[in-house]
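158 is the number that this note's numbering gives to position 2 of the sequence shown; each next residue is one higher, with no gaps. Every residue, glycine too, gets a C-beta built ideally from N, C-alpha and C. Please read these numbers as outputs of a predicted model, since none were measured by experiment. Note sheet for the following structure.
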Amino acid sequence: MGACLALPCSIASCASCLCGSAPCLLSSCCPSTYNSTMSRLAFSFLLLLGTLVSVVMILPGMEDHLKKIPGFCVGSSGIPFIEGKVNCDVIVGYKSVYRMCFAMACFFFLFSLIMIRVRSSKDPRAAIQNGFWFFKFLILVGITVGAFFIPDGIFTTVWYYFGVVGSFIFIIIQLILLVDFAHSWNQSWLEKAEEGNTKGWFAALLTVTFVNYALAFSAMVLFYVYYTQPNDCTEHKVFISLNFLFCVVVSVVSILPKVQEAQPSSGLLQASLISLYTMYLTWSAMSNNPNKTCNPSLLSLVQPSTTPPPGPAPTQAPGPVQWWDAQSIVGLVLFILCTLYASIRSSNNSQVNRLMRTEEGTGLTADVEATAGEDGVLRAVDNEEDGVSYSYSFFHCSLFLASLYIMMTLTNWYKPDMDYEAMQTSMPAVWVKICSSWLGLALFLWTLVAPLVLPDRDFGQI
């Protein structure tokens, strides 16, 4: 498991890693790392493995195999008014993603309950968290197999609303991680500028900030051009205008003298990244609008339309519906990056650490060298004997929300009680993403003004 599994290991060593309390085996070429980091990487690997399986289930050609599952297509929906309208080639893959992600969500929710109030690695439950990977994998496989035998009925509809709420919360977590990354990036480059080559590092900082703002502004202009109409798309016009205005506000606030005095590490780099992410959420929300007049296909923007020849249009068999589009692919990439960053992050930002329930400086590389055990196998360093470096329960809760987010992303936020032949998303997806962008901007603004509003409270470096 993780980044550095020891490939040439003995049977006894592998058994110790997979069935015992050791978090993972390291090869001699790997840098020393912490017990806590390897465990997070291993759980993230299970999540990414489930995501890969979900992607495979909606690839063209897989529907022929999935339709063989008893009661998994026509006649099993349990929603009377869509009977006879189900496009099995489309919906069977989406149902499979729902069940795969349901299994992952149950798996991580179970561990979230088991790991409540674990204080140190001396707790017997910590051994379950940091080891027994083979059995964990078997449990995940078992839940997955059982999930495919769940009668359809109202299950898909109810689980859709779980996905909407969970995805909303996970988008906020993504923004918190982005704020943390921006603060760490800004602080790192400022420290390097103070150590030497000041002009070079400040020029790099200025360049990245300028590029972020240029991309955000360009996106805003393109949104007005392609996602609005002179006499239609009022919602899109409001979304674009408000988010652009809010991005200007947080950018100005981040460089106010009083804010700079209270938090010298704040600056335009963080505001530029937040602005760019806000523009992405705006585009993602508009891409989920079922009104195709205001939501043109990205493919139609890059390929000119051709005029059909006169006469009756030839009859064509319906082709396979593609699960992927631009916003789904970008969302998938962001999900993977945020998941990995949450596993290896080492933050000095006290407020973000409080929000993410982690301790300061719990990154990938250990400060001490890992030592070989009696069997001669190199193992990760246990850095949690005096106290855990992150909340086990909160970490699994985050992965639970990530499972719901990936479910909605891969299924394009489709609503189960719609016409399955169209397979369009609905307005709840639009409002979830827009509201999450507003809440994210509000959180970032609060991190800027909190030391001024509450001067008697210690906000650390944020």
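* **Span of the alpha helix (DSSP H) around I329** => In the DSSP assignment, I329 falls within the unbroken alpha helix (DSSP H) covering F311 to E351.
* **DSSP bridge partner residues for Q285 (one or two, in chain order)** => Beta-bridge analysis with DSSP links Q285 to no other residue.
* Asked: How about H135 and M271: are their beta carbons less than 8 Å apart?
  -> Because residue 135 is not part of the residues shown, which for the chain are 157 to 618, the question remains open.
* Return helix, strand or coil for Y382, following the three-state DSSP convention. => Helix at Y382.
* Since A259 contacts L202 with CB under 8 Å, what's their CB separation in whole angstroms? -> Wrong, their Cβ atoms sit about 11 Å apart, outside the cutoff.
* Asked: Which residues mark the beginning and the end of the alpha helix (DSSP H) in which M442 is found?
  -> Here the alpha helix (DSSP H) through M442 covers L424 to M442.
* Alpha carbon to alpha carbon, how far is A427 from Q416? Give it in angstroms, no decimals. => Rounded to the nearest whole angstrom, the C-alpha separation of Q416 and A427 is 13 Å.
* Extent of the continuous alpha helix (DSSP H) run through P611 -> No alpha helix (DSSP H) contains P611, which DSSP labels as neither H nor E.
* To do: Could you say which of L429, L488 and W594 lies nearest to L333 if we only look at CA atoms?
  => Looking at the Cα atoms, L429 is the closest of the given residues.
* To do: Identify which residue in L566, S499, S422 and Q419 has its Cα closest to the Cα of V486.
  => Per the Cα distances, L566.
* Distance, Cα to Cα, L608 vs I310? -> In this structure, the alpha-carbon of L608 lies about 50 Å from that of I310.
* Between the Cα of T207 and those of L555, S592, L610 and W587, spot the shortest distance and give me the residue it belongs to. => Nearest of L555, S592, L610 and W587 to T207, Cα basis: L555.
* Going by beta carbon distance, what residues of the same chain come within less than 7 Å of A441, once the five residues before and after it are set aside? -> Closer than 7 Å at the Cβ level, and outside the excluded window around A441, lie F395, V586, K589 and I590.
* Asked: Where does A469 land, buried or exposed, given buried means 16+ other C-beta within 10 angstroms?
  -> For A469, the predicted structure reports a pLDDT of 43, less than 50, and the residue's modelled location is therefore unreliable. The matter cannot be settled from this model.
* To do: Put W594 into one of helix, strand or coil per three-state DSSP.
  => Three-state result, W594: helix.
* To do: For the region 442-449 and the region 384-392, state whether three or more C-beta atom pairs, one from each stretch, are separated by less than 8 Å.
  => The region 442-449, when compared against the region 384-392, does touch it at the 8 Å Cβ threshold.
* So, are the CB atoms of A370 and S431 less than 8 Å apart? -> No, they are not a contact pair.
* **Distance, Q285 Cα to P274 Cα** => Residue identity differs from the one stated: residue 274 is Val in this sequence, not Pro. Distance from the CA atom of V274 to the CA atom of Q285, rounded to whole angstroms, is 10 Å.
* **W357 and A349 closer than 8 Å at C-beta** => One thing to note: W357 has its Cβ within 8 Å of the Cβ of A349.
* Asked: With C-beta atoms as the reference, is A558 less than 8 Å away from F265?
  -> No, these two residues do not count as a Cβ contact at 8 Å.
* Inspect the CB distances between the region 398-415 and the region 590-604 and report whether three or more fall short of 8 Å. => Yes, the region 398-415 touches the region 590-604.
* To do: Determine which residues share a DSSP beta bridge with D542 and list them.
  => Answer is none; D542 lacks a bridge partner.
* Asked: Alpha carbon to alpha carbon, what distance is there between S277 and T438?
  -> When the Cα atoms are used, T438 and S277 turn out to be separated by approximately 43 Å.
* Nearest to F263 (by Cα), restricted to the options V248, Y570, G287 and F199 -> Considering only alpha carbons, the answer is F199.
* To do: Give me the Cβ distance between S592 and F324, rounded to the nearest whole Å; I'm assuming they're in contact under 8 Å.
  => About 5 Å separates the Cβ atoms of S592 and F324, confirming a contact at the 8 Å cut-off.
* **Identity of the residue in Y250, I329 and V248 nearest F550 by Cα** => For the set Y250, I329 and V248, the Cα lying nearest the Cα of F550 is the one of I329.
* Asked: For K292, does the count of other Cβ atoms within 10 angstroms reach 16, so buried, or fall short, so exposed?
  -> A residue is called buried when at least 16 other Cβ atoms come within 10 angstroms of its Cβ; K292 meets this threshold and is buried.
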